[in-house]
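Q: Residue numbers (this note's numbering): 983 to 1211.
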Amino acid sequence: MNPVFGHGHLRLYLLNLLAEQPRHGYELIQALSDRFGGTYSPSAGTIYPRLAKLEEEGLVTKATDGRKTVYEITDAGRAELNSRLPELSSIEDRVTDSVRMLADGLRKGVDEAMRSLRADLAAARRDATGEAPPRRDTTGAAPEAPGAAPHAAPDAAPDAPPEPTTDQLRQQNAESLRQVDAAVNGFRASVRTELRKRAARGTVSPAAVSTLTAELQRLEAELKAALRD
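#1: Once DSSP output is grouped into helix, strand and coil, what is the label at His991?
#2: Go through its chain and collect everything with a Cβ distance to Ala1105's Cβ below 8 Å, but skip five positions before and after it.
#3: Suppose you measure from the CA of Ala1013 to the CA of Glu1157; what does that come to, to the nearest Å?
#4: In whole angstroms, what is the alpha-carbon distance linking Leu992 and Asn1155?
#5: So, under 8 Å CB-CB, Tyr1030 and Gly1059 are touching, yes? Tell me the CB distance rounded to an integer number of Å.
#6: Would you list the residues sitting across from Ile1029 in a DSSP beta bridge?
#7: Have a look at Glu1213 and Glu1204 and give me their C-alpha separation to the nearest angstrom.
#8: Are the beta-carbon atoms belonging to Arg1066 and Leu994 less than 8 Å from one another?
#9: Would you check if the distance between the CB atom of Leu1010 and the CB atom of Leu996 is smaller than 8 Å?
#10: So, with DSSP's three-state summary, where would you put Thr1193?
#11: Kindly confirm or deny that the segment 1143–1152 and the segment 1091–1101 touch, where touching means at least three C-beta pairs closer than 8 Å.
#12: Let me check understanding here. Comparing Cα to Cα, which of Glu1054, His989, Ser1192, Ser1015 lies closest to Glu1002?
#13: Note down, in chain order, each residue of its chain lying with its Cβ closer than 8 Å to the Cβ of Arg1005, except the 5 sequence neighbours on either side.
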């Protein structure tokens, strides 16, 4: 069974695509990929045996156009398609539902990955600058009132840390770069995993692709702004 289509549904969808216009095998693969936002692209080993079966049943014909074989639906194929229009409509409805689920999952995954990436970038920036994270006063002492005498200084103030050497700065920068690189790769892997997991159960519409693209562009702008700070 195909991971996207139920039993016999890809066959019906191929007839639907050929009813729109004659196509060769690669055009059918590309049309399916476009319909599903690039998350599902069937292999030639998936498409051509089904086309051969459709031809054997008299539902499509093929003709050679140069080095390409073009497939065209027959009258019998159109009759088959028309008799199964309710089934085709049901497939389209399930695709729409899957697209909505995928878009919601991608949006959630992107938001979570963005929060994680911002935290990793903040940690890397502190490592690069030597800046300590903000600390809360845990002594429980009340703040001094205006005009009050200052507390006595401790007997020996701790020495200021030495300035880092050039080699130390270079090592800090290299470690920061490694951390950011790992965070970016982790973000990419997380989104790809979520995308492929959802694609196995549905499709991605142009609207979902547009949403994901806009979120990624927003994230890119925020990260570039953070690096300029």
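Virtual Cβ for every residue (Gly too), placed ideally from N, Cα, C.
A: Let's see:
#1: helix
#2: Cβ contact annotation for Ala1105 (same chain, cutoff 8 Å, sequence separation greater than five): Gln1161, in chain order.
#3: 45 Å
#4: 52 Å
#5: Going by Cβ atoms, the distance from Tyr1030 to Gly1059 rounds to 17 Å, so no, they are not a contact pair.
#6: Answer is none; Ile1029 lacks a bridge partner.
#7: What the structure shows of the chain is the stretch from 983 to 1211, and residue 1213 is not part of that stretch, so it cannot be assessed.
#8: yes
#9: yes
#10: Thr1193 carries a helical assignment under DSSP once its states are collapsed to helix, strand and coil.
#11: no
#12: Glu1054
#13: Result list for Arg1005: Leu999, Ala1013, Val1052, Tyr1053, in chain order.
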